[in-house]
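Below: the structure, in structure tokens.
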Amino acid sequence: MTTILAVRRGNEVVVAGDGQVSVGQTVMKGTARKVRRLSPGGREVVVGFAGSTADAFTLLERLERKLESAPGQLQRACVELAKDWRTDKYLRNLEAMLIVTDGAQVYVVTGAGDVLEPEHDVAAIGSGGNFALAAARGLMETDLDAETVARRAMAIAADICVYTNANLVVERIAA
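Numbering (the UniProt record's numbering), first residue to last: 1 to 175.
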């Protein structure tokens with residue numbers, strides 16, 4: 001399990017992910033990197049994933065191909081991925097969720113076929129996602145920058161969720 005959080009302030013998006021990998025009730029690794037940069041077609045995209053790591057990597061590869069075939073069209077690539085994920089016999093069994101951003105747009109992509117644009121400039125997924133989301137939404141009422149909001153919200157989630165730790169990977173991307 002994990003926690004991934006995206007926060008947008010102005011023309012910048014920060015995606016933060018914790019490093020905990022759990023198998024059942026055992027922490028197998030505390031420093032995993034679940035937030036990654038992709039550069040298909042020269043346009044940078046930041047993706048955070050929660051769920052099965054192997055499944056998430058399969059989806060990241062598919063997303064990269066979708067972005068290469070539709071350069072600069074993040075929404076189209078995410079919708080095409082979600083359609084494939086929902087209808088393909090192999091893909092529909094994958095258990096993961098993605099947060100995808102190019103700095104201008106932020107999407108949550110699920111295996112149920114959802115491509116969701118978050119409200120309030122905050123999105124979160126994973127076992128601690130609701131804790132991080134609630135904390136970030138409260139912190140958005142302040143004048144804190146996106147990275148500070150993300151780091152503080154993730155710290156709150158790590159204090160509450162046993163499947164979330166404080167070893168963060170943080171990526172920033174501007175529109």
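Note that beta-carbon positions come from the ideal geometry of N, C-alpha and C, so glycine has one too. Small disclaimer: the values here were computed from a predicted structure and weren't measured.
Setting aside the 5 residues that flank it on each side, Ile156 is surrounded in the same chain by Ala135, each with a C-beta closer than 6 Å to its C-beta; the list follows chain order. Non-local C-beta neighbours of Val169 in its own chain, meaning closer than 6 Å and more than five positions away in sequence, comprise Gly17, Arg33, Val35, ordered along the chain. Around the CB of Val23, fewer than 16 other CB atoms lie within 10 Å, so the residue is classed as exposed. By the neighbour-count criterion, in which 16 or more other beta carbons inside 10 Å mark a residue as buried, Thr101 falls on the buried side. Cβ neighbours of Ala175 within its own chain (closer than 7 Å, five residues either side excluded): Asn11, Gly103, Ala104.
Ser22 sits in a strand when the DSSP states are folded into three classes.
Nearest C-alpha to Glu119 among Ile173, Gln73, Met140: Met140. In the three-state DSSP reduction, Arg76 falls in the helix class (H, G or I). In this structure, Leu63 and Leu81 form a Cβ contact; the two beta carbons are roughly 5 Å apart against a cut-off of 8 Å.
Inter-residue distance for Val46 and Ile160 is about 26 Å (C-alpha atoms, whole angstroms). DSSP places Ala6 inside the beta strand (DSSP E), whose first and last residues are 3-9. Residue environment analysis places Phe49 among the buried positions, since at least 16 neighbouring C-beta atoms fall within 10 angstroms of its C-beta. Excluding the 5 residues flanking it on each side, Ser52 has same chain C-beta neighbours closer than 8 Å at Leu94, Glu95, Ala96, in chain order. The residues Ala6, Ile99, Val106, Val108, in chain order, have a CB closer than 6 Å to that of Ala123 in the same chain once the five nearest residues on each side in sequence are set aside. If you check the CB distance, Thr164 and Thr31 do not come in under 7 Å. When the Cα atoms are used, Leu116 and Arg137 turn out to be separated by approximately 17 Å. Around the beta carbon of Lys66, 16 or more other beta carbons lie within 10 angstroms, which makes this residue buried. A direct Cα-to-Cα measurement between Ala70 and Cys78 gives close to 10 Å.
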